Amino acid sequence: MPSVTISEPSTLITDYLLGGLTAVLAWRLLGVRRKPDTTHGARTPAPALGERRTPRQVAIFYWSGALSATAVGSFAGGTYHGFGPAMAPLSAALLWKITTLAMGVASFFLIAAAVTAAFIGSTRRTLLIAAAIKLVAYSWWMLTHDAFAYVIAEYGSTLLLVLVLLAANRIRGVAPHRAYLAGGILVSMAAAGIQQSGFRLHAHFNHNDLMHVVQMGAVWLLYQGGRRLRDADRRS
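The sequence shown begins at 91 in my numbering and counts up by one.
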């Protein structure tokens with residue numbers, strides 16, 4: 091039986107850990123688990139396997155989409171770094187495209203969540219359309235480009251937009267949502283800086299691996315802020 095060689099084991103492991111954490115937090119945002127009903131001692135029956143309940147807040151639903159897409163990108167990226175050199179060129183190239191495009195989808199959902207929590211009516215619709223156009227343009231560009239710097243630029247510009255909305259006190263939520271979101275954005279930017287710097291702690295723990303570890307902290311902060319979001323046109 092032929093042996094399987096992992097080209098970058100640390101990157102694969104840290105990417106998978108990041109993807110696993112992000113996927114779990116995305117699932118939690120969807121509200122799979124129902125809160126027990128203790129009225130008169132009664133309890134709400136457990137949901138059937140795979141049953142989901144859409145959150146009342148659309149912004150939270152979008153935020154879950156952002157984390158879900160990030161998880162897909164992490165799993166695809168880890169697989170690419172771990173097994174890409176041993177794969178057929180076409181398969182490896184497809185895997186990398188999935189990685190980069192998934193991050194574009196994550197960027198779109200982050201914008202959609204922030205816009206939903208900040209604006210109402212025609213302003214919201216216009217900005218959501220603009221976000222969709224941005225996603226299409228990014229995806230079209232990445233079909234013929236592979237540099238991860240473009241992913242950093244796309245995701246970074248989205249984080250900056252959300253940070254501006256936070257600074258303007260536009261994004262609605264339950265305190266301390268602004269602190270969590272701002273913290274998650276700043277830690278994400280630090281992680282991107284690490285990735286672009288090429289810094290490595292060890293010969294077997296490079297800039298990508300360190301970025302994944304730092305980004306796990308950012309994802310937890312973003313989750314904490316995201317679950318506190320409230321739609322701009324809803325009171326609760």
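For each residue, glycine too, the CB sits at the ideal point set by N, CA and C. For clarity, every value in this text was computed on a predicted model and none was experimentally measured.
Around the C-beta of residue i, are 16 or more other C-beta atoms found within 10 angstroms, so that it is buried, or is it exposed?
i	result
D299	buried
R320	buried
I150	buried
V59	This structure cannot speak to residue 59, because the chain is shown only from 91 to 326.
W327	The chain is shown from 91 up to 326; residue 327 falls before or after that span and cannot be answered.
R215	exposed
A213	Looking at the sequence shown, residue 213 is not Ala but Thr. By the neighbour-count rule (16 or more Cβ atoms within 10 Å), T213 is not buried but exposed.
A308	buried
G194	buried
T190	buried
G317	Strictly speaking, residue 317 in this sequence is Arg, with Gly absent from that position. Buried, because 16 or more other Cβ atoms sit within 10 Å of the Cβ of R317.
T104	buried
I261	buried
G288	exposed
Is the beta carbon of residue i sitting closer than 8 Å to the one on residue j?
i	j	result
H302	L157	no
A204	G263	no
S97	P175	yes
A272	L256	yes
L185	T169	yes
I359	H292	Limits of the chain in this structure are 91 at one end and 326 at the other, which puts residue 359 out of reach.
A227	I201	no
Check each candidate in the options and name the one with the smallest Cα separation from residue i.
i	options	result
H267	W231, L291 and V252	V252
D323	A222, G315 and I210	I210
Y163	Y245, F295 and R146	Reading off the sequence shown, one finds Gly at residue 163, where the question assumed Tyr. Of the candidates Y245, F295 and R146, the one whose C-alpha sits nearest the C-alpha of G163 is Y245.
G274	L180, F173 and M306	M306
L102	V195, F198, F295 and V277	F295
A166	A182, H235, L312 and A258	A182
A243	D105, S197 and I219	S197
L218	T234, A227, F199 and L233	F199
A239	A222, A258, I201 and A281	A281
L311	I284, L191 and S278	S278
A116	T234, A220 and S154	S154
L119	T248, T234 and Y152	Y152
Would you mind reading off the limits of the alpha helix (DSSP H) that contains residue i?
i	result
G315	H297 to G316
A208	P179 to A208
T263	What sits at residue 263 in the sequence shown is Gly, not Thr. No alpha helix (DSSP H) holds G263; DSSP gives it neither H nor E.
H171	V148 to F173
D323	Careful: D323 lies outside any alpha helix (DSSP H) and carries neither H nor E.
A176	Segment: none, A176 is in no alpha helix (DSSP H) and carries neither H nor E.
I103	P99 to L119
For residue i, is the beta carbon positioned less than 7 Å from some heavy atom of the ligand ATP?
i	result
A220	The model depicted lacks the ligand ATP and carries no ligand whatsoever.
Within the region 231-260, ranges of the alpha helix (DSSP H) (whole runs, at least 4 residues): 238-257
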